[in-house]
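What follows is one structure encoded as structure tokens, with my remarks underneath.
In structure tokens:
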């Protein structure tokens with residue numbers, strides 16, 4: 009666990025046709041972004057969305073991106089989350105999220 | 008400003024895709040975003056600033072190339088005259104350059120190395136620090152490494168916090184900026200706890216000048232230096248890889264990620280682009296990016312310029328030795344301070360750092376000095392401190408507050424058989440750093456003494472080394488060859504055979520080592536510094552050692568080639584006349600000129616300096632032996648200078 013992955017669950021349950029939103033602790037100021045890859049997109053899909061500045065401005069927060077997990081059909085899959093820079097090979101953080109759809 | 012995004016918005020987006028968002032999330036909950044690095048306090052809108060009077064805002068510069076540029080631009084002020092020149096150059100009114108790049112200007116680089124803020128949202132601290140570092144190189148001709156962490160944590164920000172250039176300007180103008188040894192860059196939200204001598208090791212920084220007009224921003228870059236800017240970062244900025252001008256994609260999926268600060272180090276009208284230094288490590292074009300004019304809000308807000316920096320003694324500590332020191336005093340923050348001895352008394356002198364560069368005497372004190380003291384500025388609130396050999400063959404320490412006032416007796420110490428001119432530096436052991444002294448003793452050896460950085464301020468002998476030493480001098484330097492985290496101590500002394508011998512001590516074994524000998528026929532103390540010739544930027548390579556010594560009534564200049572790594576001592580030039588001893592050496596603000604003071608055979612001091620054209624003879628001052636010093640007022644010689652440019656000392 010690290011400051012970037014604290015608060016992220018190891019396992020997530022979501023219904024078919026439902027979406028769950030997880031705030032991601034980001035480091036966008038230094039050029040980092042979250043990416044997610046799915047073992048089985050037929051069970052659940054994941055998408056990282058960038059949240060632009062709120063109006064009025066929110067107080068400084070460490071949540072800069074959100075992960076939207078959508079259930080597709082019953083089953084289990086794993087989403088692999090990576091926080092890093094596109095021009096570097098080393099990651100700031102990694103996290104595997106098990107997704108149960110049912 | 009983009010539309011607010013909350014759970015209600017996300018619910019709608021997903022519903023359009025046939026997906027139902029979990030019901031327990033309230034629609035009004037904002038999907039918060041940390042604002043990249045810049046917070047929402049943007050710089051002033053450019054159009055609200057209006058045009059500024061550049062000729063009035065710009066302070067005198069000692070940078071000879073910039074003097075020429077300002078003349079061409081019609082921005083000349085009288086105090087900009089290069090050192091030693093009295094003629095009034097013609098005013099110009101030429102157009103600004105169509106392209107400027109401070110990474111390669113006037114034949115060299117002026118920008119410090121690329122840094123990496125990762126993973127914090129601290130672009131504002133990095134842009135501010137980069138601006139200060141670049142302006143120190145441009146205004147005062149030296150490379151230095153300052154601390155983004157001192158600024159970031161001094162302001163009170165956490166790693167994830169954004170901030171703005173207004174707060175940067177306020178902090179810097181109130182507190183200055185220290186080096187990483189005082190407080191480094193942290194990414195773990197460590198509580199700010201700089202070393203106790205921070206005030207004495209901080210560059211003093213005026214408030215930023217906001218420049219709103221784009222044409223004047225270019226004029227500022229052409230005539231003065233880089234500027235810091237706001238910039239809206241979009242997602243496609245991450246992928247910039249260099250070799251082209253960045254213009255943001257208008258794809259609707261290319262979302263804004265927030266505000267970001269960069270340092271603009273140049274511009275290119277041909278490419279219609281700003282040349283910007285980022286703080287993301289090896290990103291983009293070796294850390295740089297070309298941002299198109301007007302792109303992504305870069306010209307929407309005023310940019311921040313900086314002039315009139317006041318360097319600290321710590322980051323210039325290797326650039327002076329002997330009885331001559333360039334302090335931050337004076338209107339241009341480059342006064343020379345000097346000390347000399349006549350009939351046992353020490354007299355302090357100073358030279359104003361602007362044309363016509365008058366020397367004036369200041370205070371006379373002490374009664375037991377045998378020859379010119381070794382002077383330095385320290386991190387004790389910028390004190391001036393000196394050490395000399397007494398008539399009783401000991402060493403004597405005196406100090407004076409950096410801003411002026413009387414000299415205070417720091418006490419007698421050292422070997423009872425002192426028999427030479429002491430080398431004296433403030434080292435990097437502790438903070439404030441210990442004092443280190445090396446001096447010849449009557450047995451022809453060298454004694455190393457040091458003073459701890461706190462009560463009871465005890466001086467202790469550390470070692471005796473060398474043999475057959477005839478002269479020691481103000482030639483002790485703690486260089487930038489690091490071993491065990493501390494710089495090696497380096498020293499050159501004169502042997503009884505008339506050769507110069509280099510000694511060095513590393514932290515690794517704490518032992519003084521014999522180095523090579525060079526030169527011949529030397530019969531006076533040498534003066535040595537580690538200058539910055541050969542350095543590409545603050546990260547290296549090592550600057551050369553420079554040494555001057557009197558031989559046969561003239562001055563010999565030697566240098567050791569550190570930059571190429573050959574470590575060979577070479578003779579550069581012999582010049583001067585009627586020289587009894589070289590007593591001070593500085594690589595100062597005037598375009599890296601070497602400046603020396605010599606004691607003439609009649610006892611007077613004389614200033615010589617070296618620029619690109621060679622060595623030049625300067626004025627003599629002080630009394631001839633054995634008379635007492637004649638005190639002059641600086642106003643006696645202010646015949647041409649704009650007196651309003653001189654601040655009270």
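Chains as they are written, first to last, in my numbering: chain A, 9 to 110; chain B, 8 to 656. Backbone N, C-alpha and C fix where the C-beta goes; we use that ideal spot for every residue, glycine too. As the structure is a prediction and not an experimental result, all values here were calculated from the model.
- request: Alpha carbon to alpha carbon, how far is residue 334 of chain B from residue 580 of chain B? Give it in angstroms, no decimals.
  value: As a first step, residue 580 of chain B must be located in the second chain, where it is residue number 573. As a first step, residue 334 of chain B must be located in the second chain, where it is residue number 327. Separation of residue 580 of chain B and residue 334 of chain B (C-alpha to C-alpha, rounded to the nearest whole angstrom) is 27 Å.
query: In chain B, which residues lie with their C-beta within 9 Å of the C-beta of residue 41 of chain A?
result: Indexing the first chain from 1 puts residue 41 of chain A at position 33. Residues of chain B with a Cβ closer than 9 Å to the Cβ of residue 41 of chain A are, in chain order, 242, 245 and 264.
message: Tell me which residues of the stretch 124-142 of chain B have at least one Cβ-Cβ distance to chain A shorter than 9 Å, keeping chain order.
response: So the close ones are 124, 125, 126, 127, 128, 129 and 130.
- prompt: Expressed to the nearest angstrom, what Euclidean distance is found between the alpha-carbon atoms of residue 447 of chain B and residue 509 of chain B?
  reply: Taking the second chain and counting its residues from 1, the one referred to as residue 447 of chain B is at position 440. Taking the second chain and counting its residues from 1, the one referred to as residue 509 of chain B is at position 502. Counting only the Cα atoms, residue 509 of chain B lies some 14 Å from residue 447 of chain B.
Residue-level contact to chain B via CB, residue 60 of chain A, 8 Å cutoff: By one-based count along the first chain, residue 60 of chain A stands at place 52. Note on residue 60 of chain A: pLDDT 49, under 50, position unreliable in the model; no value is reported.
task: Examine chain A for any beta-carbon lying closer than 8 Å to the beta-carbon of residue 17 of chain B, and answer yes or no.
output: Indexing the second chain from 1 puts residue 17 of chain B at position 10. It does; some Cβ of chain A falls within 8 Å.
field: Three-state secondary structure (DSSP) of residue 569 of chain B
entry: Mapped onto the second chain, residue 569 of chain B falls at position 562. If DSSP states are grouped into helix, strand and coil, residue 569 of chain B belongs with coil.
message: I want to verify the contact list: residues of chain A whose CB lies under 9 Å from the CB of residue 27 of chain B, in sequence order.
response: Within the second chain, residue 27 of chain B is the residue found at index 20, counting from 1. For residue 27 of chain B, the neighbours in chain A by C-beta distance under 9 Å run, in chain order, 23, 25, 26 and 27.
task: Check the DSSP bridge columns for residue 347 of chain B and list the partner residues they point to.
output: If you number the second chain from 1, residue 347 of chain B lands on position 340. Its beta-bridge partners are B:354.
- prompt: What residue ranges within the stretch 205-229 of chain B form continuous beta strand (DSSP E) runs of no fewer than 3 residues, ordered along the chain?
  reply: Listed in chain order, they are 216-218.
task: Counting only the same chain and skipping the five closest in sequence on each side, list residues whose C-beta sits under 8 Å from that of residue 387 of chain B.
output: Taking the first residue of the second chain as position 1, residue 387 of chain B is located at position 380. Excluding sequence neighbours, residue 387 of chain B sits near 204, 207, 406 and 439.
task: List the DSSP bridge partners of residue 2 of chain B.
output: Any question about residue 2 of chain B goes unanswered here, given that chain B covers just 8 to 656.
message: Measuring only the C-alpha atoms, how far is residue 17 of chain B from residue 265 of chain B?
response: For the purposes of this step, residue 17 of chain B is taken as residue 10 along the second chain, with counting starting at 1. For the purposes of this step, residue 265 of chain B is taken as residue 258 along the second chain, with counting starting at 1. Their Cα atoms are separated by approximately 20 Å.
query: Which residues in chain A sit within 8 Å of residue 32 of chain B, going by Cβ to Cβ distance?
result: For the purposes of this step, residue 32 of chain B is taken as residue 25 along the second chain, with counting starting at 1. Within 8 Å Cβ-Cβ: 29.
- prompt: In chain A, which residues lie with their C-beta within 7 Å of the C-beta of residue 237 of chain B?
  reply: Start at 1 with the first residue of the second chain, and residue 237 of chain B comes out as number 230. Contact annotation for residue 237 of chain B against chain A: no contact, minimum CB-CB distance about 14 Å [criterion: below 7 Å].
message: Just to confirm my understanding: we take residue 47 of chain A, look at its own chain, exclude 5 residues before and 5 after, and list those with CB closer than 8 Å. What are they?
response: Counting from one through the first chain, the residue named residue 47 of chain A turns up at place 39. For residue 47 of chain A, where only same-chain residues beyond five positions count, the Cβ hits under 8 Å are 85, 86, 87 and 88.
- request: Go to residue 54 of chain A, then tell me how far its beta strand (DSSP E) extends in each direction, as first and last residue.
  value: Position 46 of the first chain holds residue 54 of chain A. Unbroken beta strand (DSSP E) run through residue 54 of chain A: 52-58.
field: Residue burial classification, residue 467 of chain B (beta-carbon count within 10 angstroms, cutoff 16)
entry: Here residue 467 of chain B is taken as the residue at index 460 of the second chain, counted from 1. With fewer than 16 other Cβ atoms within 10 Å, it is exposed.
query: Does the separation of the CB atoms of residue 366 of chain B and residue 582 of chain B fall below 8 Å?
result: For the purposes of this step, residue 366 of chain B is identified with residue 359 of the second chain, where counting begins at 1. For the purposes of this step, residue 582 of chain B is identified with residue 575 of the second chain, where counting begins at 1. In this structure, residue 582 of chain B does not lie closer than 8 Å to residue 366 of chain B by Cβ.
task: Run down chain B in chain order and give the residues with a C-beta less than 8 Å from the C-beta of residue 52 of chain A.
output: Taking the first residue of the first chain as position 1, residue 52 of chain A is located at position 44. Under the 8 Å cutoff, chain B gives no residues; its nearest Cβ is about 11 Å from residue 52 of chain A.
message: I'd like to confirm something about residue 336 of chain B: is its beta-carbon nearer than 7 Å to some heavy atom of the ligand HEM, or not?
response: For the ligand HEM, the structure offers nothing, since it holds no ligand at all.
- request: Could you tell me which residues DSSP puts in a beta bridge with residue 364 of chain B?
  value: Counting from 1 along the second chain, the entry for residue 364 of chain B is found at position 357. The partner list for residue 364 of chain B (beta bridge, DSSP) is empty, contrary to what the question assumes.
query: Can you list the residues of chain A that residue 21 of chain B reaches, using a CB-CB cut of under 8 Å?
result: On the second chain, residue 21 of chain B is found 14 positions in, with the first residue counted as 1. Per Cβ cutoff of 8 Å: 27, 76 and 78.
- prompt: Name the chain B residues whose beta carbon is nearer than 9 Å to that of residue 10 of chain A?
  reply: Residue numbering aside, residue 10 of chain A sits at position 2 when the first chain is read from its first letter. The contact set of residue 10 of chain A on chain B, defined by CB atoms closer than 9 Å, is empty, because the minimum CB distance reaches about 10 Å.
query: Any contact of the stretch 540-550 of chain B with the stretch 509-519 of chain B, i.e. 3+ C-beta pairs under 8 Å?
result: The stretch 540-550 of chain B, when compared against the stretch 509-519 of chain B, does not touch it at the 8 Å Cβ threshold.
Among B:145, B:604, B:321 and B:183, the one whose alpha carbon lies nearest that of residue 584 of chain B: Here residue 584 of chain B corresponds to residue number 577 of the second chain, with the count starting at 1. Minimum Cα distance to residue 584 of chain B is reached at B:604.
- request: Would you identify the three-state DSSP class for residue 14 of chain B, choosing helix, strand or coil?
  value: For the purposes of this step, residue 14 of chain B is taken as the residue at position 7 of the second chain. Residue state for residue 14 of chain B is assigned as helix, using DSSP reduced to three classes.
task: Put residue 19 of chain B into one of helix, strand or coil per three-state DSSP.
output: Against the second chain, residue 19 of chain B aligns to sequence position 12. Reduced to three states, the DSSP call for residue 19 of chain B is helix.
- prompt: What are the boundary residues of the alpha helix (DSSP H) that residue 65 of chain B is part of?
  reply: Counting from 1 along the second chain, the entry for residue 65 of chain B is found at position 58. Residue 65 of chain B -> no alpha helix (DSSP H), and no H or E assigned at all.
- request: Taking residue 490 of chain B as part of the beta strand (DSSP E), name the residues at either end of that continuous run.
  value: Numbered from its first residue, the second chain carries residue 490 of chain B at position 483. 483-490 is the span of the beta strand (DSSP E), which, as asked, contains residue 490 of chain B.
Residue-chain proximity (residue 150 of chain B, chain A), Cβ-Cβ < 8 Å: Start at 1 with the first residue of the second chain, and residue 150 of chain B comes out as number 143. Not one chain A Cβ lies under 8 Å of residue 150 of chain B.
query: Considering only residues of the same chain and omitting the five flanking positions on each side of residue 576 of chain B, which have a CB-CB separation below 6 Å?
result: The count along the second chain starts at 1 and reaches residue 576 of chain B at position 569. A distance below 6 Å between beta-carbons, with the five flanking residues on each side excluded, links residue 576 of chain B to the following residues of its chain, in chain order: 525, 565 and 567.
field: Other residues of its chain near residue 158 of chain B: CB distance less than 8 Å, five sequence neighbours each side excluded
entry: Numbered from 1 along the second chain, position 151 holds the residue referred to as residue 158 of chain B. The residues 132, 135, 136, 175, 178, 179 and 184, in chain order, have a CB closer than 8 Å to that of residue 158 of chain B in the same chain once the five nearest residues on each side in sequence are set aside.
- prompt: Under 8 Å, do residue 528 of chain B and residue 570 of chain B count as touching if we go by C-beta distance?
  reply: By one-based count along the second chain, residue 528 of chain B stands at place 521. By one-based count along the second chain, residue 570 of chain B stands at place 563. Not in contact: residue 528 of chain B and residue 570 of chain B (Cβ atoms no closer than 8 Å).
query: Excluding the five sequence neighbours on either side, which residues of its own chain have a C-beta within less than 6 Å of the C-beta of residue 445 of chain B, listed in chain order?
result: For the purposes of this step, residue 445 of chain B is taken as the residue at position 438 of the second chain. Closer than 6 Å at the Cβ level, and outside the excluded window around residue 445 of chain B, lie 430, 453, 455, 483 and 498.
message: Below 8 Å, how does it come out for the stretch 380-397 of chain B and the stretch 341-355 of chain B: are there three or more Cβ pairs, yes or no?
response: In short, these stretches touch, since the Cβ pair count reaches three.
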